[in-house]
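Numbering (my numbering), first residue to last: -5 to 159.
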Amino acid sequence: MKTLTIAASILILAVVLAACSGSPPEPVRYTIDMTEYAFSPPSLDLKVGQDVELTLINSGQLVHEVMFGKDVMMMNNRPSGFQTDMFESTGTTPEVTMTNVMEMDEHGEEETHAGFMVALPQGEGQAVIKFKVTPQMAGEWEMGCFEQDGVHYDAGMKGKVTISR
Ligand SMILES: [Cu+2]
């Protein structure tokens, strides 16, 4: 009787695995901590078809931001964003929810940034970015913070985003 139960369990497992192989990948969640001057974790691995939830926190002392793209854009010899924005170039509009975030003062850098960007001041607040990975997004991308005229980016506030099929 016991052997039969185990055999039945294995059969059920095999059926479940077979059913899963053609279905979309499991959703993934990352919490990205921003400090001076790094993203932690420094790399994200995503899959086409995946529902992604990125929770941004800032445990540093300065305002930090995150942008996703490739090929750094230089403005007045300073890194100021990506030439190709990961979301804009693939027609993806992420949903962004900010919680417990104090109003930020204008710090006059916005105009130099093209593309999707979420900035977060230091403190208890967080921002949640949600999107579904589309086939157009497959490839290698970068995340970066270009605050303070690109000083953060130059200091190493960047990371890798790998999207596989
Ligand atoms: Cu930064």
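Each residue gets a CB set at the ideal place from its N, CA and C atoms; glycine is no exception.
Three-state class that DSSP yields for Q142 in the structure shown: Here residue 142 refers to the residue found at position 148 of the sequence shown. Of the three classes helix, strand and coil, the one that applies to Q142 here is coil, per DSSP.
Identity of the residue in K152, I157, E134, Y147 nearest N71 by Cα: What you label residue 71 is simply residue 77 of the sequence shown in a count that begins at 1. Per the Cα distances, Y147.
Three-state secondary structure (DSSP) of E134: Position 140 of the sequence shown, counted from the start, is the residue given in the question as residue 134. Here E134 sits in strand by DSSP.
Buried versus exposed call for N52 [16 or more other C-beta atoms within 10 Å across all chains shown]: The residue you call residue 52 lines up with position 58 of the sequence shown. Looking at its Cβ environment, which holds 16 or more other Cβ atoms inside 10 Å, N52 is buried.
Residue from L38, P88, G117 with nearest C-alpha to E134: Your numbering for residue 134 matches position 140 in the sequence shown. Minimum Cα distance to E134 is reached at L38.
Beta-bridge pairing of R72 - partner residues as DSSP gives them: Here residue 72 refers to the residue found at position 78 when the sequence shown is read from its first residue. The partner list for R72 (beta bridge, DSSP) reads M69.
Cross-strand partners of V95 (DSSP beta bridge): On the sequence shown, position 101 is the one that residue 95 refers to. Partner(s): none; V95 has no beta bridge.
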